[in-house]
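**Q** I'd like to ask some things about the structure below.
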Amino acid sequence: MKERFIEIFIKSFAWLSGLLLLSAAFVIIGFLLVKGVPTLSLSLIFGDTSPADALLLRRQVLTGLFPAMAGTCLLVLLSVGLATPVGLAAGIYLAEYSRGNLKSFFSLFYDILAGVPSIVIGLFGFSLAISLHHYVKEIYPCLLISALALAFLVLPYLIRTTQFAMESIPSETRLTAPALGATKLQNIAYVLFPRSLPGIASGVILAIGRCAEDTAVIMLTGVVAAAGIPGSLLSAYEALPFYIYYISSQYRDAYELQTGYGAAVILLIICACLFLAAFYLKNQLMDRMLYRQ
Amino acid sequence: MKRECFAETGFLGAAVLSASLTALILIFMLFLGFPLFRGGCFFTLLTTPWNPDKGLFGIYPMLAGTLSIVFLSLCWAFPLSLGASALISVIAPTGFAKFCKKTVQMLTGIPTVIYGFVGVFLLVPFIREMFASGSGMSILSASLMLSMVISPTMILIFTDTFESIPASYSAAADALGASPVQKLLYVILPYSRQGIFAGLILSVGRAMGDTLIALMLAGNAVAVPGSILDSARTLTAHIALVIAADFDSIEFKTIFAAGLVLYVFTTSLILLVRIIGGMGMKNR
Numbered sequence: 018m019k020e021r022f023i024e025i026f027i028k029s030f031a032w033l034s035g036l037l038l039l040s041a042a043f044v045i046i047g048f049l050l051v052k053g054v055p056t057l058s059l060s061l062i063f064g065d066t067s068p069a070d071a072l073l074l075r076r077q078v079l080t081g082l083f084p085a086m087a088g089t090c091l092l093v094l095l096s097v098g099l100a101t102p103v104g105l106a107a108g109i110y111l112a113e114y115s116r117g118n119l120k121s122f123f124s125l126f127y128d129i130l131a132g133v134p135s136i137v138i139g140l141f142g143f144s145l146a147i148s149l150h151h152y153v154k155e156i157y158p159c160l161l162i163s164a165l166a167l168a169f170l171v172l173p174y175l176i177r178t179t180q181f182a183m184e185s186i187p188s189e190t191r192l193t194a195p196a197l198g199a200t201k202l203q204n205i206a207y208v209l210f211p212r213s214l215p216g217i218a219s220g221v222i223l224a225i226g227r228c229a230e231d232t233a234v235i236m237l238t239g240v241v242a243a244a245g246i247p248g249s250l251l252s253a254y255e256a257l258p259f260y261i262y263y264i265s266s267q268y269r270d271a272y273e274l275q276t277g278y279g280a281a282v283i284l285l286i287i288c289a290c291l292f293l294a295a296f297y298l299k300n301q302l303m304d305r306m307l308y309r310q
Numbered sequence: 014m015k016r017e018c019f020a021e022t023g024f025l026g027a028a029v030l031s032a033s034l035t036a037l038i039l040i041f042m043l044f045l046g047f048p049l050f051r052g053g054c055f056f057t058l059l060t061t062p063w064n065p066d067k068g069l070f071g072i073y074p075m076l077a078g079t080l081s082i083v084f085l086s087l088c089w090a091f092p093l094s095l096g097a098s099a100l101i102s103v104i105a106p107t108g109f110a111k112f113c114k115k116t117v118q119m120l121t122g123i124p125t126v127i128y129g130f131v132g133v134f135l136l137v138p139f140i141r142e143m144f145a146s147g148s149g150m151s152i153l154s155a156s157l158m159l160s161m162v163i164s165p166t167m168i169l170i171f172t173d174t175f176e177s178i179p180a181s182y183s184a185a186a187d188a189l190g191a192s193p194v195q196k197l198l199y200v201i202l203p204y205s206r207q208g209i210f211a212g213l214i215l216s217v218g219r220a221m222g223d224t225l226i227a228l229m230l231a232g233n234a235v236a237v238p239g240s241i242l243d244s245a246r247t248l249t250a251h252i253a254l255v256i257a258a259d260f261d262s263i264e265f266k267t268i269f270a271a272g273l274v275l276y277v278f279t280t281s282l283i284l285l286v287r288i289i290g291g292m293g294m295k296n297r
């Protein structure tokens, strides 16, 4: 009798928590879509400026989301561009060259770095900017500093995904090239690296997603509410997630609030697309691994 | 052969560079917060209240705010995640379980700022109406939304652990005629104790490191919270709010103390997970 009771209790608890989670998620996303989708239009993005003029940078967009979207794009390109080469190289070192104590020492450091809260990374970026300011007067918190700090944030993830992708290559594949007389570097360059590319690519896409969504880091390192398209690496800039945060706390009228909903929907769509791309690449990897062998 | 050497040095350089960042962040925090440590007043800082008018710059209220929000959000998120992962791995029919897992994976990709935004315009008014108290920006609102942020990752860790039990264990339970729930209770859960604990600790780290939810939903009042409907400020939100202050002020220096506390906390959590993982290896 007691067993029966426990069984029913656990089953209903599991169903309850699963359904609660799903419904909460659907309420959150549904609320955003219902409020946000009707606001989506070209004028939301470009304001009164014509899209062609804005895209060719002939005229400033003053009321639309275009500067924030451009800022986010530039930021993502820069930070992922900075982090990817270092992350891949370190990942390759971890997977192929380091052994024993050295390896666990390195991975401990990366684990700690991955666990450091993003606001602390932002604070580090900010301190870096003010320290550099003593030597180079032009450096304030700016696009470049934000990109650097974001690169620090995603570096451990890149390293780990690269390492994991390389290490999960089966040993038959791993030993073929050396058996034919290839050196270690040749083996990495012609066999192991190309083979783990889909896994690495999905890691890079997830890193792009993290850069696009992160707000805490950029808040401390140079994002502002109104700056237009950044003119150089050392200027302030706008970004979508910060715009959303800013609107939620200081919107002045209903129209501004509407643009906030619009911005949130746009960010959600961007992140969902990136996520699906990463997912697709990962599955591609699985298929290739399964069918080619 | 020269190229081999060159490449290896390059890879090593990247690895050392990335690892040194971890140390560099700590050094920066220590160096810039240094004026606070002289005379051993760092620990008094952690236990005194915040009252700039009287010259008191303790971060105790923020520490209390952080701990209460983290604790409360885990109180919601942990049972929820455990139940949901039991549903996904054991109880639900395969099709629905797959759908749930896909949805949970998608949820991990939603930006935190969006959770915060929806929280401000949906959850906060709701809490305000429900409890008819103040602005609705409270520990309760922040912890509810934060539990939504940390649950998906926790569920993924739990389901991974549940699904990693050896097939022979699972088959043995089936052969003895165990129902799915009995299998969960007597085989899967005891076997995944360490995985569950590790997932819980990692979630504590995530909840503690989150800035935006608390910043947007907890109201940021600098006082030790007395109830869950009180407004509170977390260490992370404190850093975000004070950054605009005058650079030479003591007020500004306290954010490095807050950063240091966060760094030390999260690092010890990671070390704890490692130690548990090491114990798990030995036991098997």
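Heads up: the sequence lines are chains A and B, in that order.
Counting from 18, one number per residue, gives the positions in the first sequence under the numbering used here.
Counting from 14, one number per residue, gives the positions in the second sequence under the numbering used here.
We treat Cβ as the ideally placed atom computed from N, Cα and C, and that holds for glycine.
May I ask you to report which of helix, strand or coil DSSP gives residue 69(B)?
**A** strand
**Q** Round the Cβ separation of residue 2(A) and residue 156(A) to the nearest angstrom and send it over; I've been treating them as touching at under 8 Å.
**A** Given a span of 18 to 310 for chain A in the structure shown, any question on residue 2(A) remains unanswerable.
**Q** Comparing the C-beta of residue 140(B) with each C-beta of chain A, is any distance below 7 Å?
**A** no
**Q** Near residue 56(A), what residues of its chain come up, given a Cβ to Cβ distance below 6 Å and the 5 sequence neighbours on each side ignored?
**A** 275, 278 and 279
**Q** Output needed for residue 227(B): all residues of its chain with C-beta closer than 7 Å, excluding positions within five of it in sequence on either side, in chain order.
**A** Excluding residues within five positions, the ones whose Cβ falls inside 7 Å are 82, 155, 247, 249 and 250.
**Q** According to DSSP, is residue 254(A) part of a helix, a strand, or is it coil?
**A** strand
**Q** Please report the distance separating the alpha-carbon of residue 129(B) from that of residue 23(A).
**A** Their backbone Cα atoms lie some 37 Å apart in a straight line.
**Q** Compute the distance between the beta-carbons of residue 86(B) and residue 160(B), then report whether it is under 7 Å.
**A** yes
**Q** Going by alpha carbons, who is nearest to residue 229(B) out of 104(B), 100(B), 58(B) and 127(B)?
**A** Per the Cα distances, 127(B).
**Q** Leaving aside the five residues before and after residue 107(A) along the sequence, list all residues of the same chain whose C-beta is less than 7 Å from its C-beta, in chain order.
**A** 176
**Q** DSSP three-state label for residue 64(B), please.
**A** strand
**Q** Look up residue 271(B) in the DSSP assignment and give the residues it is bridged to.
**A** Answer is none; residue 271(B) lacks a bridge partner.
**Q** Name the one or two DSSP bridge partners that residue 245(B) has.
**A** 232(B)
**Q** Please compile the residues from chain A whose C-beta is within a distance smaller than 9 Å of the C-beta of residue 113(B).
**A** 35, 38 and 39
**Q** What is the rounded straight-line gap between the Cα of residue 242(B) and the Cα of residue 149(B)?
**A** Just so you know, the alpha carbons of residue 242(B) and residue 149(B) end up roughly 8 Å apart.
**Q** Just the C-alpha distance for residue 51(A) and residue 140(B), rounded to the nearest angstrom, thanks.
**A** 21 Å
**Q** So, under 8 Å CB-CB, residue 282(A) and residue 259(A) are touching, yes? Tell me the CB distance rounded to an integer number of Å.
**A** Not a contact, Cβ separation roughly 16 Å.
**Q** Using a 10 Å radius around the Cβ and a threshold of 16 neighbouring Cβ atoms, would you call residue 60(B) buried or exposed?
**A** Residue 60(B) comes out exposed.
**Q** Between which two residues does the alpha helix (DSSP H) carrying residue 222(B) extend?
**A** 206 to 222
**Q** Under 7 Å, Cβ to Cβ, is there at least one residue of chain B near residue 310(A)?
**A** Bear in mind that the predicted position of residue 310(A) carries a pLDDT of just 43, short of 50, making it unreliable; the figure below should be weighed with that in mind. False, the Cβ-Cβ gap to chain B never drops below 7 Å.
**Q** Decide yes or no for the touch test of the stretch 194 to 202 of chain B against the stretch 94 to 111 of chain B: beta carbon pairs closer than 8 Å, at least 3 of them.
**A** Under the 8 Å Cβ criterion, the stretch 194 to 202 of chain B counts as touching the stretch 94 to 111 of chain B, having at least three qualifying pairs.
**Q** Taking the straight line between their C-alpha atoms, what separation do you get for residue 282(B) and residue 215(B)?
**A** 7 Å
**Q** Would you call residue 123(A) buried or exposed, if buried means 16 or more other Cβ atoms sit within 10 Å of its Cβ?
**A** buried
**Q** Please classify residue 18(A): is it buried, with 16 or more other beta-carbons within 10 angstroms of its beta-carbon, or exposed?
**A** exposed
**Q** Among 71(B), 266(B) and 30(B), which one has its Cα closest to the Cα of residue 103(A)?
**A** 30(B)
**Q** Pull up the CB-CB distance for residue 174(A) and residue 131(A), whole angstroms please, since I reckon it's below 8 Å.
**A** Rounded, the Cβ-Cβ distance is 7 Å, consistent with contact.
**Q** Between which two residues does the alpha helix (DSSP H) carrying residue 193(A) extend?
**A** Taken as a continuous stretch (DSSP letters only), the alpha helix (DSSP H) holding residue 193(A) covers 188 to 196.
**Q** Tell me whether residue 297(B) sits in a helix, a strand or coil according to DSSP, three-state version.
**A** The pLDDT assigned to residue 297(B) is 46, lower than 50, so where the model puts this residue is not dependable; a value taken from the coordinates is nonetheless given after this. Residue 297(B): coil per DSSP, three-state reduction.
**Q** By the criterion of Cβ-Cβ separation under 8 Å, what are the contact partners of residue 197(A) in chain B?
**A** Within chain B, no residue comes near residue 197(A); the closest Cβ sits about 17 Å away, beyond 8 Å.
**Q** Go through the stretch 107 to 188 of chain A residue by residue and report every complete run of the alpha helix (DSSP H) that reaches 4 residues or more, in order.
**A** 117 to 132, 135 to 150 and 160 to 184
**Q** Answer with buried or exposed for residue 267(A), where buried requires no fewer than 16 other C-beta atoms within 10 angstroms of its C-beta.
**A** exposed
**Q** Kindly list the residues whose CB is nearer than 7 Å to the CB of residue 210(B), restricted to its own chain and excluding five residues on each side of it in sequence; keep chain order.
**A** 289
**Q** Thinking residue 234(A) and residue 167(A) are a contact (beta carbons under 8 Å), I'd like their distance in whole angstroms, please.
**A** 6 Å
**Q** I want to verify the contact list: residues of chain A whose CB lies under 9 Å from the CB of residue 129(B), in sequence order.
**A** 232, 261, 262 and 265
**Q** Inspect the CB distances between the stretch 199 to 214 of chain A and the stretch 178 to 191 of chain A and report whether three or more fall short of 8 Å.
**A** yes
**Q** Let me know the secondary structure DSSP gives residue 240(A) once reduced to three states.
**A** Here DSSP, grouped into helix, strand and coil, assigns residue 240(A) to strand.
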